[in-house]
Every structure is written in C-alpha cells, then in structure tokens.
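A.B. asks: Please read through the structure below; I'll follow up with questions.
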Amino acid sequence: MLVNLNQVLNGVAQDKRAIPGFNVFGYEDAIAVVKAAEELNAPAILMTNKVAIEHMPINYLGKLLCGIAEDAKVPVCVHLDHATEYEVVVKAILAGFTSIMYDGSQLSLEDNIKKTSEVVKLAHACGVSVEAEIGAVGYNDPNLKIKAVYTEPEEAKVFAEETKVDALAVAVGTLHRMETQDAIIQYERLEAIQKLVKIPLVIHGSTGVTDEDLEKLTTYNVAKVNIGTALRMAFGNSLKEEIIKNPKEFDRIKLFKTPMIKVQEEAKNKMKILGL
Ligand code: G3H
Ligand code: ZN
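Reminder that position 185 of the sequence shown reads as 1256 in my numbering, one-by-one numbering, no gaps.
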C-alpha cells in the first residue's frame, strides 16, 4: 500500500531499526526493492532524485512508483529526493508522491528555514511528509561545486522547531556517491544533535557507511538511511557482466534479469543490516 514518510518512520528509531530510502530510476530497480521489502515483511521507501526526473518526467515516475506501491504487500512511501525548487515539489505532489525532501543545504540558515517552511505548509496541507537538511552532506566528486558542512546541533534544533519538518537529514561524516564503505561517522556530533532534536534523523550518502556503522546508527535516533550508489553499482556491474557473457544478446528484458536479482539481494542485505 502507498503511505507517507511519517507512516513509515513511526516508532522505527525507538525499535532500533532504520528504513533504507533507496534511489530508484525505473521499474527494474523499484520492483526489486519492493520484492526485497516483501521478503522481509518490511516497509520500503522508493526515492527519485534529480537525475531520475531529468531522465523521465516526474508525473510518469509518480504514476509508475505509486502503482508499484499500491500493489505492494508492504507499506511503500514514494519520496522525492533532494528537491531544490518549489515548482518541482508542486509537480511531485500532483504526481502522487507521498513524501518530499526539500534540500536547502546550500542556502543560508535563514533562507533554508524560509524555503523549507513554505514547502512544509503546502505538503502538510496535502498529507505529504517533508524531510529537509541542515548542514550539508557533500559529494565524493571534486568537480561538483557543492559545499559540505557538518551539522551544528543548536542550528538543527532551531531548524526543526521553526520549519516543523517530519524528518531531518544531518551531516555527520558521510559523503554522497562513495563507492567504498569507509565514511567516518562523528558519533559525538550525532549524539549532541539527538539530545536537542526529537524528530527522526536521516543519514544521506550511506553507501559509504560500513555495515558495522549502519547497525550502530540504528541505536541512535536515525530512522531513515539513504542509499543510492550501492544499488546502481549492483545493477550496472551485473549488467556489464551479462553483456560480456552474452555478446550476441540484444534483448534488454533478458539482460536485465540477473541485474534485477542483484539489486533485490543488495536491498535485502542493507535492510537486514538495518534491523529489518
Ligand atoms: O539522497 C540520496 C542518498 O544520500 C544516496 O547516497 O548514493 O552515496 O548512497 P549514496
Ligand atoms: Zn542524499
């Protein structure tokens, strides 16, 4: 069934579990994630990012993902990841997304509060949940001119109270798009944040987090852990192998079979590590 982020995250952190938010780009990875969730009888969060909505119009993605969610045997949230424009948020809500991440992390604190609050006002009136970011989780790509700033606990408190967001992404040592698991988590900072912020916390860039740290994060007030690169690697690396093994094959449905299984296995593996 289709649900919003609040419904998925309700009580999760208290149970020492966390729900992975997986970046998906189409039918193949979305259905693989939902099958993994169904195997574990766990909720799922399907997230679409900027790259996905540049590739496929957001209303097509909304229909596809909401269709998959409605037919699922487990609760599934359809989430827009890293939205930076109000217009895109409006389009996502109209397309059926049940959750929005507004990313004002590159703005000043004042502007981030102002823009995030506008999104919260609209989204909450439509029954849609909102995640936002304070501090800025950087990218493992020196060509991207995106600032990375660790989250200051006091700022996180003010931000959460003023914006009334449902979940808060914090920067405590992870980086987006890491291909190896060697992020160093600042647990003292996380601890200080959770003393002041009572809403569920979100960790982005979690492909780079070790299995041990993923498990440890569930003992904090972390309820959502974003994972993108790990599934893209599972699909892409398997697809490359399939093409090499079957050089005469041109039918993509046949070539996609094993990569879809690999995505399902990787999603299930991360879910289990996170206590699902
Ligand atoms: O918002 C998406 C995530 O933060 C994914 O990050 O691709 O580094 O796992 P990742
Ligand atoms: Zn992210």
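No residue lacks a Cβ here, since even glycine has one placed at the ideal position from N, Cα and C.
Quick check: the stretch 1218-1226 against the stretch 1258-1273, are at least 3 beta-carbon pairs closer than 8 Å?
C.D. replies: Flag = yes, the stretch 1258-1273 and the stretch 1218-1226 touch.
A.B. asks: Please say whether V1280 and I1314 have beta carbons closer to each other than 8 Å?
C.D. replies: Sequence index remark: in the sequence shown, residue 1314 carries index 243 (1-based). Sequence index remark: in the sequence shown, residue 1280 carries index 209 (1-based). No, the pair does not count as a contact, with Cβ atoms beyond the cut-off.
A.B. asks: Mind checking whether the beta-carbon of G1133 lies closer than 7 Å to any heavy atom of the ligand G3H?
C.D. replies: In the sequence shown, the residue the question calls residue 1133 occupies position 62. Checking every heavy atom of the ligand G3H against the Cβ of G1133, none is found closer than 7 Å.
A.B. asks: Report, in whole angstroms, the separation of the C-beta atoms of H1348 and F1168, which I expect to be a contact under 8 Å.
C.D. replies: Residue 1348 falls outside the range modelled here, since the chain spans only 1072 to 1347, and no answer is possible.
A.B. asks: Under the criterion of a Cβ to heavy atom distance below 7 Å, does D1100 qualify as lining the ligand G3H?
C.D. replies: The residue labelled residue 1100 in the question sits at position 29 within the sequence shown. No, since every heavy atom of the ligand G3H falls outside the 7 Å radius drawn around the Cβ of D1100.
A.B. asks: Using 8 Å for Cβ pairs, my map puts D1174 next to E1204. What's the rounded Cβ distance?
C.D. replies: For the purposes of this step, residue 1174 is identified with residue 103 of the sequence shown, where counting begins at 1. For the purposes of this step, residue 1204 is identified with residue 133 of the sequence shown, where counting begins at 1. That belief holds up - the Cβ atoms of D1174 and E1204 are roughly 5 Å apart, short of 8 Å.
A.B. asks: Please name the residue or residues paired with G1092 in a DSSP beta bridge.
C.D. replies: The count along the sequence shown starts at 1 and reaches residue 1092 at position 21. Partner(s): I1116, N1297.
A.B. asks: Per the contact definition of three or more C-beta pairs closer than 8 Å, is the stretch 1113-1122 in contact with the stretch 1150-1167?
C.D. replies: Contact holds: three or more Cβ-Cβ distances are below 8 Å.
A.B. asks: Considering H1195, what are the terminal residues of the alpha helix (DSSP H) in which it resides?
C.D. replies: Stepping through the sequence shown from its first residue, residue 1195 is reached at position 124. Per DSSP, H1195 belongs to the alpha helix (DSSP H) from 1180-1196.
A.B. asks: Pick helix, strand or coil for A1123, following the three-state DSSP scheme.
C.D. replies: Position 52 of the sequence shown, counted from the start, is the residue given in the question as residue 1123. Note: A1123 maps to helix in three-state DSSP.
A.B. asks: For G1133 versus N1297, is the C-beta spacing smaller than 8 Å?
C.D. replies: For the purposes of this step, residue 1133 is identified with residue 62 of the sequence shown, where counting begins at 1. For the purposes of this step, residue 1297 is identified with residue 226 of the sequence shown, where counting begins at 1. No, Cβ-Cβ distance for G1133 and N1297 is not below 8 Å.
A.B. asks: Among K1192, G1206, V1268, K1339, which one has its Cα closest to the Cα of E1181?
C.D. replies: Within the sequence shown, the letter at position 110 stands for residue 1181. Among K1192, G1206, V1268, K1339, the Cα nearest to that of E1181 is on G1206.
A.B. asks: Use the C-beta contact count for G1082: other C-beta atoms within 10 angstroms, 16 or more gives buried, fewer gives exposed.
C.D. replies: Taking the first residue of the sequence shown as position 1, residue 1082 is located at position 11. Flag for G1082 reads exposed.
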